[in-house]
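Trainee:
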Amino acid sequence: MSKKTIALGKNAKTTAFTRMTKRSEFTIGLVVVALFLVALFCTESFGSRYNLMNLSKQGAIVGVLAVAQTLIIITGGIDISGGAIAGLGCMSMALMIRDGYSLGLAIVANFVICIVCGFINGVIIFDLKVPAMITTLGTSTIYRAILKLACNGNSVTFFKPGTQEYVDIFYKIGNYDIFNLIPVLCAVWLVVCVIAYLVLRYTTFGRDLFVIGSGIEVARLSGIKVRKTFYLVYSVAGLIYGIAAMMFAGRILRGATNTGEGYDMKAIAATVIGGASLAGGRGAVTGTFVGALLMVVIENAGKAFQINDYILEIITGILIIFAVAMDMVKSRKKG
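What the sequence shown shows, in my numbering, is residues 8 to 342, in sequence order.
#1: Round the Cβ separation of Ala67 and Trp196 to the nearest angstrom and send it over; I've been treating them as touching at under 8 Å.
#2: In terms of residues, what are the limits of the alpha helix (DSSP H) holding Asp215?
#3: Express the C-alpha separation of Gly169 and Val206 in angstroms, rounding to a whole number.
#4: Hey, Ile35 and Val297 are a contact pair by Cβ (cut 8 Å); roughly how many whole angstroms apart?
#5: Can you list, in chain order, the residues of its chain whose CB lies under 6 Å from that of Gly257, leaving out five sequence neighbours each side?
#6: Near Ile247, what residues of its chain come up, given a Cβ to Cβ distance below 7 Å and the 5 sequence neighbours on each side ignored?
#7: With DSSP as the reference, identify every bridge partner of Thr164, one or two as the case may be.
#8: Which two residues bound the contiguous alpha helix (DSSP H) that contains Phe118?
#9: For the putative contact between Gly267 and Cys121, defined by C-beta atoms under 8 Å, what is the C-beta separation to the nearest angstrom?
#10: Taking three-plus beta-carbon pairs below 8 Å as touching, is the segment 84-91 in contact with the segment 136-155?
#11: Have a look at Ala286 and Thr295 and give me their C-alpha separation to the nearest angstrom.
#12: Looking at C-beta atoms only, is the number of pairs between the segment 155-164 and the segment 226-245 that lie closer than 8 Å three or more?
#13: Under the rule that 16 or more other beta-carbon atoms within 10 Å means buried, what is Tyr238, buried or exposed?
#14: Given this structure, state the Cα-to-Cα distance separating Gly222 from Val243, to the nearest angstrom.
#15: Using 10 angstroms around the beta-carbon of Met253, count the other beta-carbons present and answer buried if the total reaches 16, otherwise exposed.
#16: May I ask you to report which of helix, strand or coil DSSP gives Tyr238?
#17: Could you compute how far the alpha carbon of Ile141 sits from the alpha carbon of Phe48?
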């Protein structure tokens, strides 16, 4: 092999590494590692097995919801109804199991309800031309109200009919560790991330989302069926919310009127911190993953350092504003 060929190979590797270091997820990943190590060596409780398992469970549901946000934000949209949809799906399962319906039927009903809710969001946004934020703010209120009506404002526990035992599948989702190492909730999060990554990178649907985010007219001229893609992306988000509903069921073992409240903002924050652009056309599941990790490590490490919860919320808010500000700066430079 010639010296020139070796030099070209080294240059290619250097260029690839340079590109990687410029990606937002690389920088955020370094921050996560640094914060993790500081908390690990400076506190007694952070590094315990119980706390690390709990940390991964805390991040799992936010992480899954953030994957759905990533798909939608790439198109230039936003969805603040995901928590309400997941809560409605969770409650539907609890009510059906309480009333004696089979577990399989309850799970199917959950996914059907969540997908239909997501589809409705897509129809209103595309066909009625209502901005995504206004649409999902309105539907979030509607879905949450339907949830409360369905249960008369009461929580419903995932007990087997006529017993005081939890339904096995939900108990295992929330409490079982695979090989005594990885919580089921965390494993679900990882699987969802991998599938979403492959969809965005290797499928026509995934590529179409980026084109739509760059401009609907550009997408139309490119031959993309924009209406169909809009319907599909919000329906896929609904499917992911259905997965989150099962995770909520495993985590809290009940359907409650406030299930999912506050999770939308956390999911959006994780997505934006991870490098997705609210203007559309940019986003990555890897960035969203480390963004969710950063949020949960900040929260968990803050508690280990006994920092006031309200101060932690302020820190999270500052992170969101900073991430959006940096996105705006990048957009102006490109413009």
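Each residue gets a CB set at the ideal place from its N, CA and C atoms; glycine is no exception. Just so you know, these numbers come straight off a predicted model, no measurement behind them.
Mentor: Result, derived from the coordinates:
#1: By 1-based counting over the sequence shown, the position of residue 67 is 60. By 1-based counting over the sequence shown, the position of residue 196 is 189. Indeed, because the Cβ distance is near 4 Å, the residues count as touching under 8 Å.
#2: Position 208 of the sequence shown, counted from the start, is the residue given in the question as residue 215. Bounds of the alpha helix (DSSP H) holding Asp215 are 211-221.
#3: Within the sequence shown, numbered from 1, the residue matching residue 206 stands at position 199. Within the sequence shown, numbered from 1, the residue matching residue 169 stands at position 162. Cα to Cα, Val206 sits roughly 43 Å from Gly169.
#4: Reading the sequence shown from its first residue, position 28 is the one you call residue 35. Reading the sequence shown from its first residue, position 290 is the one you call residue 297. Confirmed, about 5 Å.
#5: By one-based count along the sequence shown, residue 257 stands at place 250. Only Phe177, Ile180, Gly181 meet the Cβ criterion.
#6: Taking the sequence shown and counting its residues from 1, the one referred to as residue 247 is at position 240. The answer, listed in chain order, is Val71, Val74, Ala75, Val199.
#7: The sequence position of residue 164 within the sequence shown is 157, counting from 1. Arg261.
#8: Here residue 118 refers to the residue found at position 111 when the sequence shown is read from its first residue. 110-134 is the extent of the alpha helix (DSSP H) around Phe118.
#9: The residue labelled residue 267 in the question sits at position 260 within the sequence shown. The residue labelled residue 121 in the question sits at position 114 within the sequence shown. At roughly 11 Å, the Cβ-Cβ gap does not stay under 8 Å, so Gly267 and Cys121 are not in contact.
#10: yes
#11: Taking the sequence shown and counting its residues from 1, one reaches residue 286 at position 279. Taking the sequence shown and counting its residues from 1, one reaches residue 295 at position 288. Rounded to whole angstroms, Ala286 to Thr295 spans 16 Å at the Cα level.
#12: no
#13: Residue numbering aside, residue 238 sits at position 231 when the sequence shown is read from its first letter. With 16 or more Cβ atoms within 10 Å of its Cβ, Tyr238 is classed as buried.
#14: Within the sequence shown, the letter at position 215 stands for residue 222. Within the sequence shown, the letter at position 236 stands for residue 243. Whole-angstrom Cα-Cα distance: 21 Å.
#15: To locate residue 253, count along the sequence shown from 1; it is residue 246. With 16 or more Cβ atoms within 10 Å of its Cβ, Met253 is classed as buried.
#16: The residue labelled residue 238 in the question sits at position 231 within the sequence shown. DSSP places Tyr238 in helix when its eight states are reduced to three.
#17: Within the sequence shown, numbered from 1, the residue matching residue 141 stands at position 134. Within the sequence shown, numbered from 1, the residue matching residue 48 stands at position 41. Whole-angstrom Cα-Cα distance: 45 Å.
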